[in-house]
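Everything on this sheet refers to the single structure shown next.
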Amino acid sequence: MQGRSVVPHFILFAMTAAAAWALAFGTEVRYSGKAGVHEALPETVGDWRGESLFYCLNTKCNRVLVESERGPDGKCPDCGGDVSSGSPIEWALLPADTKILKRLYTRSTSGDQVVVSLVLGGESRTSIHRPQICLVGDGREITRTKTITVPESGGGAVKATMLELLWRGQLSDGRWASQPSFYAYWFVAPGRQTARHDVRMFWMAYDRIVLGVTHRWAYIGISGRRTEGSDAHEQLARSFIADLAPMMRNF
Ligand SMILES: [Zn+2]
Numbered sequence: 073m074q075g076r077s078v079v080p081h082f083i084l085f086a087m088t089a090a091a092a093w094a095l096a097f098g099t100e101v102r103y104s105g106k107a108g109v110h111e112a113l114p115e116t117v118g119d120w121r122g123e124s125l126f127y128c129l130n131t132k133c134n135r136v137l138v139e140s141e142r143g144p145d146g147k148c149p150d151c152g153g154d155v156s157s158g159s160p161i162e163w164a165l166l167p168a169d170t171k172i173l174k175r176l177y178t179r180s181t182s183g184d185q186v187v188v189s190l191v192l193g194g195e196s197r198t199s200i201h202r203p204q205i206c207l208v209g210d211g212r213e214i215t216r217t218k219t220i221t222v223p224e225s226g227g228g229a230v231k232a233t234m235l236e237l238l239w240r241g242q243l244s245d246g247r248w249a250s251q252p253s254f255y256a257y258w259f260v261a262p263g264r265q266t267a268r269h270d271v272r273m274f275w276m277a278y279d280r281i282v283l284g285v286t287h288r289w290a291y292i293g294i295s296g297r298r299t300e301g302s303d304a305h306e307q308l309a310r311s312f313i314a315d316l317a318p319m320m321r322n323f
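The sequence shown begins at 73 in the working numbering and counts up by one.
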């Protein structure tokens, strides 16, 4: 993207200057507790039906399950451990006042599946990391990054960052394999919506320093499989985001 390399430097400079100004004048920062999204993922999105997704917190088990697979006591059906909508890794990185919701959506017409995650930050600013950090490693790399502009079903548009990912590794039977996938994301706060982490950082600093307020930022991500050399995943993501974005937004 043009101008991309200049923007972070500008933001860094602006934030440093603003932080110095805030220190000098002792601006008081108020936590609004407000989010720019509804705090639940919808049951259905268009012709996609969702089911809540959970992670077993027993790190020796690591089972990922949907709501209907939970035991009668709500625990992991394999090991009897507690389950959570956030994975052990996410809870190791995120403050306790973060809200994590995940849902597996299946399209009735085709059987296609996507996972939607909503990470809603609390008072701490460390709730949302740069997404790229969590997505690479263990054989997974980002092979392409682009911004998509999606016209929403009710008018307006939402921009999302679309990452094409490629996992290469060894299966349990020793064979080598690769699996292409995608991850599309954007951020929302009251009155703000952006596909870019650096822009989100700018608005957080602006709200804090200029307006003296912090809000709860939401990070919405959609992931699924893709086929190498095809852009079918982008069409699928576009149609899903067109319906989901206006359903989530709450301002
Ligand atoms: Zn388990």
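The beta carbon of each residue, even a glycine, is placed where N, CA and C say it ideally should be.
A quick note: this is a predicted structure, and the numbers were derived from the prediction, not measured.
Per-residue DSSP class, three states only, for residue i
{"i": "glycine 75", "result": "Bear in mind that a pLDDT of 48 at glycine 75, under 50, signals an unreliable position, so the model cannot answer this."}
{"i": "glutamate 306", "result": "helix"}
{"i": "glutamate 195", "result": "coil"}
{"i": "alanine 168", "result": "coil"}
{"i": "serine 157", "result": "coil"}
{"i": "serine 311", "result": "helix"}
{"i": "threonine 88", "result": "helix"}
{"i": "phenylalanine 323", "result": "coil"}
Boundaries (first-last residue) of the beta strand (DSSP E) holding residue i
{"i": "leucine 237", "result": "229–242"}
{"i": "cysteine 151", "result": "It is not in any beta strand (DSSP E) - cysteine 151 carries neither H nor E in the DSSP assignment."}
{"i": "glutamate 123", "result": "120–128"}
{"i": "arginine 213", "result": "This sequence places glutamate at residue 213; arginine is not what is there. 212–223 is the span of the beta strand (DSSP E), which, as asked, contains glutamate 213."}
{"i": "phenylalanine 254", "result": "248–261"}
{"i": "glycine 143", "result": "Run containing glycine 143: none; DSSP gives neither H nor E here."}
{"i": "threonine 286", "result": "285–288"}
For residue i, the nearest candidate out of the options (CA to CA)
{"i": "alanine 261", "options": "Gln251, Met276, Arg247, Arg216", "result": "Met276"}
{"i": "glutamine 32", "options": "Ala229, Gln242, Ile281", "result": "Given a span of 73 to 323 for the chain in the structure shown, any question on residue 32 remains unanswerable."}
{"i": "phenylalanine 323", "options": "Glu111, Trp120, Leu190", "result": "Glu111"}
{"i": "proline 149", "options": "Ser196, Arg135, Ala256", "result": "Arg135"}
{"i": "tryptophan 43", "options": "Leu176, Ile172, Cys151", "result": "This structure does not reach residue 43, given that the chain is present from 73 up to 323, and the question cannot be answered."}
{"i": "isoleucine 220", "options": "Leu192, His305, Asp145", "result": "His305"}
{"i": "serine 189", "options": "Val271, Arg297, Trp289, Gly293", "result": "Gly293"}
{"i": "glutamine 242", "options": "Met234, Gln251, Leu235", "result": "Gln251"}
{"i": "glycine 227", "options": "Ala309, Thr299, Asp315, Asp270", "result": "Asp315"}
{"i": "serine 196", "options": "Trp248, Leu113, Trp289", "result": "Trp289"}
{"i": "serine 124", "options": "Pro114, Lys132, Gly118", "result": "Pro114"}
{"i": "tryptophan 239", "options": "Glu224, Thr215, Tyr257, Val138", "result": "Thr215"}
{"i": "tyrosine 127", "options": "Ala309, Thr299, Phe82, Trp163", "result": "Trp163"}
Unbroken alpha helix (DSSP H) run spanning residue i, endpoints
{"i": "leucine 113", "result": "It is not in any alpha helix (DSSP H) - leucine 113 carries neither H nor E in the DSSP assignment."}
{"i": "phenylalanine 274", "result": "269–281"}
{"i": "proline 203", "result": "203–207"}
The region 205–221 touching the region 175–184, judged by at least three CB pairs closer than 8 Å: Output reads no: the region 175–184 does not touch the region 205–221.
Stretch-stretch touch, CB-based, cutoff 8 Å, three pairs: the region 279–287 with the region 102–110: The way I'd put it, the region 279–287 does touch the region 102–110; three or more beta-carbon pairs between them come closer than 8 Å.
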